[in-house]
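One point on numbering: in the numbering used here, the residue at position 25 of the sequence shown is 25, and numbering is uninterrupted. Report on one structure; see the data block that follows.
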Amino acid sequence: MSPDRPDVIRSIESLRHEINRLTREQLDAYESATFLGMTAPEAEQCDARRESIRKLVEELWQRRAAINNFNV
């Protein structure tokens, strides 16, 4: 059974919120690195966060496509 439209919309909103949160963290890390440098563990965290953002964006596009498949 596929999720109904309101559930898909809520999941899209949740994904967007998480992408925005991670993007803000990423920007803060880059800004800090500009002035203070970045340690190897911090760089690894940035890489992991970037990969998380990429996966979430991919999932977001898949869910948006699902909305287009609903008969309205």
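Virtual Cβ for every residue (Gly too), placed ideally from N, Cα, C. From a predicted model like this one, the values you see are computed outputs, not experimental measurements.
Check                                                                                                                                      : Outcome
Once you ignore the five residues that flank residue 59 on each side, which residues in its own chain have a CB closer than 8 Å to its CB? : 15
Check residue 69 in the structure and name its three-state DSSP category.                                                                  : coil
Alpha helix (DSSP H) containing residue 39: first to last residue?                                                                         : Counting along the chain, residue 39 falls outside any alpha helix (DSSP H), and DSSP gives it neither H nor E.
Please state the DSSP three-state secondary structure of residue 4.                                                                        : coil
Please look up how many angstroms separate the CB atoms of residue 26 and residue 46, rounded, as I've assumed it's under 8 Å.             : 6 Å
Does the segment 50-58 come close enough to the segment 4-22 to have 3 or more Cβ pairs within less than 8 Å?                              : yes
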